[in-house]
Structures are given as C-alpha cells and as structure tokens.
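As given, the protein sequences belong to chains R and C, one line each in that order. Each residue of the first sequence is one higher than the one before, counting from 291 in the working numbering. Each residue of the second sequence is one higher than the one before, counting from 291 in the working numbering. These notes are about the structure you will find just below.
Number of protein chains: 2
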Amino acid sequence: MDKIARIDMSTAGGPTVTMTELGEYAGLGGRAMTSIIIATEVHPLAHPLGAENKLVIAPGMLSGTAGAMTGRLSVGCKSPLTGTIKESNAGGQAAQVLARLGYAAIILEGKPPTDDLHKIHISKDGIKITVDNTLRLLDNYPAVAKLREEYGDKVAYMTIGSAGERKLLAASIACTDPELRPTRHCGRGGVGAVMGAKGIKAIIIDDAGMKMRPPKDPERYRDANRKFVEGLRKHPVTGEGLPAYGTNILTNILNEAGGYPTRNFKSGVYEGGSKLSGEAQAELEIKRGGKATHGCHRGCVIQCSGIYNDADGNYITKQPEYETVWSHGGHCGIDDLDTVARLDYLDDNIGVDTIDMGVAIGVAMDAGVIPFGDKEGAIRLVEEVGKGTPLGRILGSGAAITGKVFGVERVPVVKDQALPAYDPRPIQGIGVTYATTTQGADHTAGYAIATNILKVGGDVDPLKTEGQVELSRNLQIATAAIDSTGMCLFIAFAIMDQPETFQALLDMLGSFYGITMTGDDVVALGKKVLSAERDFNKRAGFTAAHDRLPRFFYTEAIEPHNQVFQITDEELDSVFNW
Amino acid sequence: MDKIARIDMSTAGGPTVTMTELGEYAGLGGRAMTSIIIATEVHPLAHPLGAENKLVIAPGMLSGTAGAMTGRLSVGCKSPLTGTIKESNAGGQAAQVLARLGYAAIILEGKPPTDDLHKIHISKDGIKITVDNTLRLLDNYPAVAKLREEYGDKVAYMTIGSAGERKLLAASIACTDPELRPTRHCGRGGVGAVMGAKGIKAIIIDDAGMKMRPPKDPERYRDANRKFVEGLRKHPVTGEGLPAYGTNILTNILNEAGGYPTRNFKSGVYEGGSKLSGEAQAELEIKRGGKATHGCHRGCVIQCSGIYNDADGNYITKQPEYETVWSHGGHCGIDDLDTVARLDYLDDNIGVDTIDMGVAIGVAMDAGVIPFGDKEGAIRLVEEVGKGTPLGRILGSGAAITGKVFGVERVPVVKDQALPAYDPRPIQGIGVTYATTTQGADHTAGYAIATNILKVGGDVDPLKTEGQVELSRNLQIATAAIDSTGMCLFIAFAIMDQPETFQALLDMLGSFYGITMTGDDVVALGKKVLSAERDFNKRAGFTAAHDRLPRFFYTEAIEPHNQVFQITDEELDSVFNW
Chain R
291 MDKIARIDMS TAGGPTVTMT ELGEYAGLGG RAMTSIIIAT EVHPLAHPLG AENKLVIAPG
351 MLSGTAGAMT GRLSVGCKSP LTGTIKESNA GGQAAQVLAR LGYAAIILEG KPPTDDLHKI
411 HISKDGIKIT VDNTLRLLDN YPAVAKLREE YGDKVAYMTI GSAGERKLLA ASIACTDPEL
471 RPTRHCGRGG VGAVMGAKGI KAIIIDDAGM KMRPPKDPER YRDANRKFVE GLRKHPVTGE
531 GLPAYGTNIL TNILNEAGGY PTRNFKSGVY EGGSKLSGEA QAELEIKRGG KATHGCHRGC
591 VIQCSGIYND ADGNYITKQP EYETVWSHGG HCGIDDLDTV ARLDYLDDNI GVDTIDMGVA
651 IGVAMDAGVI PFGDKEGAIR LVEEVGKGTP LGRILGSGAA ITGKVFGVER VPVVKDQALP
711 AYDPRPIQGI GVTYATTTQG ADHTAGYAIA TNILKVGGDV DPLKTEGQVE LSRNLQIATA
771 AIDSTGMCLF IAFAIMDQPE TFQALLDMLG SFYGITMTGD DVVALGKKVL SAERDFNKRA
831 GFTAAHDRLP RFFYTEAIEP HNQVFQITDE ELDSVFNW
Chain C
291 MDKIARIDMS TAGGPTVTMT ELGEYAGLGG RAMTSIIIAT EVHPLAHPLG AENKLVIAPG
351 MLSGTAGAMT GRLSVGCKSP LTGTIKESNA GGQAAQVLAR LGYAAIILEG KPPTDDLHKI
411 HISKDGIKIT VDNTLRLLDN YPAVAKLREE YGDKVAYMTI GSAGERKLLA ASIACTDPEL
471 RPTRHCGRGG VGAVMGAKGI KAIIIDDAGM KMRPPKDPER YRDANRKFVE GLRKHPVTGE
531 GLPAYGTNIL TNILNEAGGY PTRNFKSGVY EGGSKLSGEA QAELEIKRGG KATHGCHRGC
591 VIQCSGIYND ADGNYITKQP EYETVWSHGG HCGIDDLDTV ARLDYLDDNI GVDTIDMGVA
651 IGVAMDAGVI PFGDKEGAIR LVEEVGKGTP LGRILGSGAA ITGKVFGVER VPVVKDQALP
711 AYDPRPIQGI GVTYATTTQG ADHTAGYAIA TNILKVGGDV DPLKTEGQVE LSRNLQIATA
771 AIDSTGMCLF IAFAIMDQPE TFQALLDMLG SFYGITMTGD DVVALGKKVL SAERDFNKRA
831 GFTAAHDRLP RFFYTEAIEP HNQVFQITDE ELDSVFNW
C-alpha cells in the first residue's frame, strides 16, 4: 500500500487518473485515511453531491495481509445524509484485494460533465475507466451478475444499486462477499449517493498476479496472528455466540433488557421478539439448507454471517444482521423472519442502508402511511424505493426526511441519521455515543452495549448515568483506531476482555510495520482520527447543540424501565475532553 | 393591548385559556413580542411540531390605532422549515382587530391529546375554543366560506389550509383581507404547520363593541399620522410605483439589472420577463375588470395589492406579488401571467408559502420531474400538494427537502429556506442579508435591493462588495424595529429617503405611548430583537457556518455580469458586530 490513485471525474475528455505517493497520509489506513483526507481536502460547506466532495476508498492498515479479520474497507466523504464527515465500512472482499494491489486509497474527485455511468477497473496493470450505460438502473444483484459475465469470478465488485444512481440519501455501496453476492454494504450516511453523483456505477478490483502484503517481521507476525485467532476463538462472544447465531443473538438479549425499541421507540419490549431471535433464525437457516455460520471475507474466523433460504431452499439473502432484523422487525411491529429476509434482500439489491430504511418505514407507519405490522405493506414500500417513485424517494432519503415530509414529531435520528436497535433510555451509555459521535447516530462508533448489557470490558449499569461518558469516550477512541486497522470491529469483544489478545493485535501491527506499537499508540491514533472528524464537523457548522438526542428521549419515559435519557448536556459536552 | 392570552392545547379535558398581564413583555409588539417570547420560553432544541414549541400571534405596537399602515400581524415560533426562530408577518385585518380587543399576544402552547380540529373565537366576551372536525382538510377559501356562514362578515379570520393540517414545512397561515378573502399569508417558515400541529384550524377575531386604541396624545398622533401619510404619498415608490403596479413593478427592473434568477438561478435575465411584468399585469387586471390598486387592510395608503380576474372577468386571485410571479414564473421558465395567477390561488387556498413552493417546483424541474416552462405541469404539481400525495408532500416541504429527495445539487436555500427573487451574485447586498438573517433566506429581513437597485436610502453599487455589510446591517436593524411596530415594511422607502417622514413615524410612536422616541431608540429596539433571535439560534445550534450562501453561488458565475458572490466569510461574520 504505497500509492494513492486520484480519479478526477470532471475532465471534459473523460476521467483522468493520477498516481501519487502517500505523502502526508503515509502510515494511515481505513478510517484514519478516509477521515484525514476528507478533513484536509474537502470544503466543509461543500454540497455532498457536488464536485467539491470526494469519495475516499481505503483498505485498513492490515488489509491484504495474512492476518485474520483484516477485511474491512472504509469509505469516506462528506455525508449527504448528515452533512458531517462520514466513514462507512464494510466487509466483503474489496479491502483485501485493493490492498494487495498496493493502493492505500482511491480518491474519487469532481463530477462528470455528462450523465454517463462509469465503471472503474483496477488491476496490476493500472486503472481503466470506461463508460457503460448498459448498467443503468440495474440493482446490485443483476448489476454484479452482468459484470461477472465480463470480468469473471476472481475479482471483487463494488457497486451501487438504483438508489445510489438516484442519489438517495440512504444509498449504500455494496461489496461482494467470497461467493460474489453484493451483501456487504458500506451502509450508513449515503455514501452510495456520492458514488452515484460522481457517475460511478461499479468498481472492479482484480488482484491477479499479486501476493499477500509481506510483514516486516514475518515470523513475529505469524505468531501474533495465531495468538490473536486463539483469543477470538476462546471468547464467548466471538468464539461461540456470533458464530452460532450471528449478530441477531442480540434480539432476545435486548428484549429481555427492556432496551429493544418497539414500534418507533414506543416501548422497550417487543412481544414478538422471540420469533425474530437469532436462535430462531439459525434454526430456520439450517433447516432450510442455508447456513447459520459464514464469513463475509476470506480470513474471517468469527463467521457471524449466514445464508437465509426460503421454505423451498432457495436463496433469499445473507443472514440479516440484528440491526436489520430490528429495523424491519420490532421497530415496525413485524415479527416474521421471512418478511425481514425479503426486506433485507430488497435493501441489498436496491442499495440502501437497512437501518435508515427500516427506521424510515417505522416513522411512516407512525404517520399512518401503512399500519404497524403490515408485512406486505413494508415490502411494497421498499419496492417503491427501487422504482424511484416519490414515496420511494422519500423513504430512501432516510428516517429524518421521512419524518419531515410526513410531519412526524417522534423521529429517532441524531444529525439526521437513524438510531440503531438500542433504546438510549434504558441503555444510557449507547445514548452518549449516539449523541456525540462524529457520524450521526451510530452504535458501532462506540458500542456501549458491550459493557452496559453484555458485560464485556467491565460492567456499567445501563440504567444509571455513572460511568457512561467515560465508557463511550474510551469506546469511541478505540473504535476509531480499530476502524483504521482494517480489523472487523467484533474483535473488540475479545480484546476488551483478554489483555493477551489485545497484545496480540499490537504485535500484529508492530511486526507488520516493523515498529513498536503500544496501547498508548492505539489511543493516540483513535484520538487523532476523532479530532480530525470533529474539526471537520465544527467547520461544517456542527456544535454541542447537535450532540443531543431528539427531545422525546428526554421527555417521554419508556417501558418497562420508565426512564428518560438522563445524561446532562454538560456530561455530553465532556466526551471529547481528553 | 394590556393582556396576553395563553391557550394550552395539551390539557386532557380540552384547551384551557389563561389571561395574564404583560409583565416582562410590556412595551413590545409584533416581531419584538413574538421573538422575545419564543427566545425566552421555547427550548431551542424543541421539535417544532411538538408540545414544547409555541405559536405566538402579536399585533404591532401601533396596530388597532387610527394610524396608517399599521395592519401587520406577526406570528412567531421555532420554525419547522429552518429550525431557527421565526417571525412571519402578514397584512389583512387580523392585527387591527386583535389589537382593538386589547391582546398584545395570543400564545398557543402544548399539543392536543387527540387529533381533533379546533377553532378559537376571540371577542370582547373572551376566548372560546370549540372542536370542529367539519372543517377537516378544507382549504382556505372553502374554510373561510364555511366559517362565514357561522360568524358572518364583520370579523377577521386566520386559517390554515390542508397544507397546515398536514404539517407541511412550507405551510402558511392565511389572514383575510377587507373583502374576507384568505389572501394575506404569514407565508414563510412553516408557521402553518405549527398551527396544524396544535390542532387549530381557524381563529375568528371579532372586535364588535371595541374602539380604536386611543393615543396618549391624540392631537400629536393625528398630526404625525397626517405628515406620515403625506410622506408616503409623495415618495415615488410608495406614492406612484407600488399603487400603480404593485410589487411586481420589480420584474422589469430586476431583469434589466441582470439580477432576475432564471430557471433555478442559471441566468440573471429572463427572456420572457416583460410578459410577467407589473406593467403587463396591471393592464390585464384593469382590462378584465379587476383592480390594479387595492389595500390589504383598512388604513393602508400605499395600496400595492390588486384583483386578478380571468378573461371572463371572474376572480382568480389577489394580484400576485413580485416574488410569487418570479417563483412560479421566471424561476420555472414560465412566462404566462394567467398560469402564475392560478398557481397563486392554489398556494393561497392550500396554504403554502408562494416562495418556497415556487422555488421547490423549479428545483423539481431541474431534477427532471417536469420540464422548465411546463405550465400545466406546474399547476398539477401544486394540486398534488393540495391532495397530500407523496410528491405533493415533498414539494410542500419546500425547496430544501425537494432538493434532497430528488438529489439536486443546485438548491437555492439558506438555513433550508428558499431564496427569494433576487440573485445575490449581481446584487451582493441582498446576498449578505440572505446569508446572515436570523430567519433563513429572506429578502424582507434587510431589503438591500432598495439601495443596490432602486437607489433608495443612498446608492451602493450592487456588483461591488464595498458597503454591502454596512447596508445589510443597518437594514436588518431597521427592519426588526419596523416589524415590531405593526407598520408595513414598505414605509421604509419613504422613511429612508425623507427624514421628515421618519420623524413623523417617531412622533406617531412617541405620541401614542406618551414617550419620547428617537432614531436611536428605533435602532436599540431593532438590535434588541435581532440579539434575542441570534441568541435563540445559537442555542439551537446555528453558527457562522450557517450564515453562508450555498456553495454554487461562490463557484458558478451568472450571466450577464459573470460574477460570483464575493463577500468574504469574515465580512459576513461582521454583520452583527455593532
């Protein structure tokens, strides 16, 4: 990863590619790379769909190596959904392949003078950009199928569906998994709309002829990786819960904790929760000849994904994640896994964030567009997004816009991004993260659920205010660093509980780059990333007043704990005082 | 005006009315009253459609007196469109009638527990609130017609159309004119949505048995008023241009100046401008048996309004204002006054701001929803707003939402409120006002056109940066004060050019209240209002980064002057340094 490619889409004779050295961005990867480039180069008041915005694609620091779990790809830009800086990362194959080709970042710049659709082919022979309008308005599954006819099965694909082409604010970028399904999405913040605005339909990444990235100290790296994998395998979350049931193991846990937001955040318990649970899901998957255990990229040892088939054994979608099952399930009063799977497929195919999409549907239900629990209605609404009807465009613009257009007061968003599947009133720690993260409401930015509910990395009472700010601060710092390594965030469960596994991660980084890497270095990296992001957001007009939850979380207590969000403004404003 | 009525819509047994003395709000009127109440009492992060927001209705300091031009009514709230504090004022009869009943303000609070529609009857016998669901989804003309059957013709009506009931972000509040037509709108910022969210369909104000408010010094007041009227009559704008041609006299002037935003701000000259001009409009109105000269409230001596009939002599609408003719005309590439009149009627009837509505249509045209120049298409789009279809809801949410939902980059808004009919690139002074006013883009907040183009109050070259900040600052201060008096803003032309007319205004205020009133007092009042508004906005999260025009005004030069907006950020940030 010794070079950066800049692709300028603005030039009249067609896009131009410039190869540069890393320069000031040397040593960065993943989120650190995307966020520091955006903060450095993008005008904070740029229109997110305009020529001044950039879309940065960056593998993590350890992507493309033989290390386990190193397959996360970061995509960064100014978000059309939130107006903040945005880093959205996904699994799939793209990060490994791009890293092996030596690219520390691909920077998509400018805006094409025509409305042609482009595809970008990246291989050892360089970068080739061609116009291909035959892909127009193909959704992700058919788009990848068509591209495979031309480029085959030994490459990684990044595509946008019709939502990205239509520049919908919740549009995602799909990355193919090892079986070349477009199921791993940079979902949040509308990164797909930015790709669409730049006239790019697909990126094909071919690492034929390239090798694993070599560590500076191969033996030490191999050893550290072995210890790291051992640590993941022995932790109950990464070694047992996630492989067996995937992220959806959380449905029962959150429902029992009274923190499962039900019917647009009106209750913390969903009576239909058990029908949506990971346990029920895994049983169904196995029974129907799907898979309850599957990795989204080669090198994954957690294998939290799966394959969801219909009753006849035909593929519907990859195993829907917990947040997706929630957003389309309990949030909408829908207790049917087959409906959720169908919606997950539609989201992946059209190319929209499953969280903002599902939350938007629940908000529309609250407005009376369709009733809560209307399974067929929910499917019809997402199909409207794929058709680009006015109603579909509203919903595909996410929960905040849907709330505004339908005159809804109870709109669960922060910085216009939909809240995920954890109510911040019975779980105060995650509320601190939602309110203060640089990304808009995002559970992954500082997953306080770990310590509030799962008792990983300690035990902070979710109902109390004590310790939540410190918890969220530390998690946000650690997450910003992990998101820069290319490591899947789920390694956090093991490294928070097992010092030797954290040390193994440090050793992997150290031995790969031939440096010494300490816990302090990780903290410094995380703070550096967050500081760059905060600085961008400040220049874009974000203030402490934006680091708040919507008012109804402060004024409406939720069952069963009958509690409002209680972290004071002063406490929230201290999250980044380090 | 010695009392304030607070109407709490939240109470379970039906709304409750509390009468209070003026207390800390004594001496305030109009915008000073609404803005200081909102800034004092409303949580800056309140959801605009929630119980925490308030809708304040306040006549001006001189409303209800025998003084000329004192019929403006201010309505204030936290705006659902902009998120800022909002004052939107209108003519019509309501201010005079409410003032004569002694109300300095009506404050609508809370949110009803049911979705019943209420009407509020205000008379010398007090305030009576009744449920009336027979009014549901009636637009303003039929709603007023129905109310007249019950309350007759000697009252003033304030109503919302279907847009307000649907809580659309561009919904207005209609005030009836002397002929009881619902043509005078508090248009900007979605104040109608706030009234709708509070479950209030209509306010009926009956001043039977009440008298003109008596001045402390009747003789001096009468004398000052006489001089004031003389001044208005002798100034060329208020004595000749506005009476003869209305505000639409500006079409030819702005088009000739190259400052007429055409087809969504792509040019400063519209080839069809002369067909839309005030001169053509007045000729047509007279020929068809309408009126080119008409006052929107009793006591008006400028008479800038009119009556627009169809070719058969049947009433279509009141004379469309310049901004309306522009937003539905040149902005959309439509050069037909009959189409504009039909759209003006639809806007008034449905109850939406004609500026945000027209700009939204132009933005939708830029997105390809319908072509520029599509007259029937434009009418159909506004009819969709009245039907509450998804497309209608998008458009009725204003230009900012329309741009987001349709993925448009060129969206002429500041703080999510649509720019009015003056391009800020060839007229830099108005750009300073658009960017920095507390209200979101608003020409009336500091009408630099006066001095940049009309050469009223001096002569500041519109193409240069020199003097624009000072001009906008002084105008914003003066406007905030005038908006507090109940005076129509159009008096500004005469008082800016004629010191004796300004002195007459000071004498009216002084003699009415039995105080001495100097120019410095007016400036102090204006600064007090702006400071309260700025303070609210700051607490609501607005910063210098929001006091900017959209980026395309800085990057795309516009014909014929080939100039971008050139006022620096530092200059913009100095507007409120006084």
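The beta carbon of each residue, even a glycine, is placed where N, CA and C say it ideally should be.
Item                                                                                                                                                                           : Value
Rounded to the nearest angstrom, what separates Gln571/R and Ala768/R at their Cα positions?                                                                                   : 31 Å
May I have the straight-line CA-CA distance separating Glu861/R from Asp837/R, to the nearest angstrom?                                                                        : 11 Å
Could you work out which residue in Lys376/C, Ser595/C, Thr726/C is closest to Arg471/C when comparing CA atoms only?                                                          : Ser595/C
Indicate whether the contact test is met: 3 or more Cβ pairs, each with one atom in the segment 641-655 of chain R and one in the segment 667-675 of chain R, closer than 8 Å. : yes
Run through DSSP, which three-state label would Thr845/C get?                                                                                                                  : helix
Do Asn764/R and Tyr431/R have their C-beta atoms within less than 7 Å of each other?                                                                                           : no
Under 6 Å Cβ to Cβ from Glu613/R, same chain only, skipping five residues before and after it: list those, please.                                                             : Ile645, Pro710, Ala711
Residues of chain R with CB under 9 Å from Ser413/C, in chain order?                                                                                                           : Those within 9 Å of Ser413/C in chain R number zero; the least Cβ separation is about 31 Å.
Tell me which residues of the segment 439-458 of chain C have at least one Cβ-Cβ distance to chain R shorter than 8 Å, keeping chain order.                                    : Arg456, Lys457, Leu458
Quick check on the DSSP output: the alpha helix (DSSP H) that includes Ala784/R runs from which residue to which?                                                              : 781-787
Is Arg715/C buried or exposed, if buried means 16 or more other CB atoms sit within 10 Å of its CB?                                                                            : buried
My understanding is that Thr449/R touches Ala464/R, with C-beta atoms under 8 Å, so please give their C-beta distance in whole angstroms.                                      : 5 Å
If you measure between the beta carbons of Pro752/R and Phe555/R, is that distance less than 7 Å?                                                                              : no
Starting from His411/C, follow the beta strand (DSSP E) in both directions and report where the run begins and ends.                                                           : 408-413
Does Arg426/C have its Cβ less than 7 Å from a Cβ in chain R?                                                                                                                  : no
How big is the Cα-Cα spacing for Ser721/R and Asp415/R?                                                                                                                        : Sequence inspection shows Gly at residue 721/R; the Ser mentioned does not correspond to that position. When rounded, the distance between both Cα atoms is 48 Å.
Would you report the Cα separation of Gly579/R and Tyr598/R, rounded to the nearest angstrom?                                                                                  : 8 Å
Name, please, each residue of chain R whose Cβ falls closer than 8 Å to the Cβ of Arg829/C.                                                                                    : Ala835
Taking 7 Å as the cut-off, decide whether the C-beta atoms of Arg390/R and Gly357/R are in contact.                                                                            : no
Indicate whether Gly870/R and Ala348/R have their beta-carbon atoms separated by less than 7 Å.                                                                                : Residue 870/R falls outside the range modelled here, since chain R spans only 291 to 868, and no answer is possible.
Here's the rule I'm using: 16 or more other beta-carbon atoms within 10 Å means buried, otherwise exposed. How should Asn604/R be labelled?                                    : exposed
Are the CB atoms of Gly361/C and Gly658/C nearer to each other than 7 Å?                                                                                                       : no
If you drop the 5 nearest sequence neighbours on each side, which residues of the same chain put their C-beta closer than 7 Å to that of Arg510/R?                             : Asp797, Ser801
Taking Thr583/C as the reference, which of Gly536/C, Thr541/C, Val434/C has the closest Cα?                                                                                    : Gly536/C
Can you look up Ala385/R in the DSSP assignment and give me helix, strand or coil?                                                                                             : helix
Quick one: does the C-beta of Lys556/R sit closer than 6 Å to a heavy atom of the ligand NAP?                                                                                  : By its list of ligands, the structure shown contains no ligand whatsoever, and the ligand NAP lies outside what it can speak to.
For chain R, is any of its Cβ atoms less than 7 Å away from the one on Leu335/C?                                                                                               : yes
Let me make sure I understand the geometry here. Which of Lys376/C, Cys367/C, Ser300/C, Leu627/C has the alpha-carbon closest to that of Thr727/C?                             : Lys376/C
With respect to the beta strand (DSSP E) encompassing Asp309/R, which residues constitute its N-terminal and C-terminal limits?                                                : Before going on, a small fix: residue 309/R reads as Met here, not Asp. Segment 306-310, the beta strand (DSSP E) holding Met309/R.
Using a C-beta cutoff of 7 Å, does Val519/R count as contacting chain C?                                                                                                       : no
Chain R partners of Leu671/C, CB-CB under 9 Å?                                                                                                                                 : What Leu671/C touches in chain R: nothing, since even the nearest Cβ is about 11 Å away.
Taking the straight line between their C-alpha atoms, what separation do you get for Leu437/C and Ser369/C?                                                                    : 28 Å
Check each residue of the segment 339-351 of chain C: if its Cβ is closer than 7 Å to any Cβ of chain R, include it; give the result in chain order.                           : Leu339, Gly340, Glu342
Taking C-alpha atoms, which residue in Asp664/R, Pro610/R, Glu846/R, Asp773/R lies nearest to Ala631/R?                                                                        : Pro610/R
Since Leu839/C contacts Phe855/C with CB under 8 Å, what's their CB separation in whole angstroms?                                                                             : 6 Å
Compare the C-beta of Val695/C against all C-beta atoms of chain R and say whether one is closer than 7 Å.                                                                     : yes
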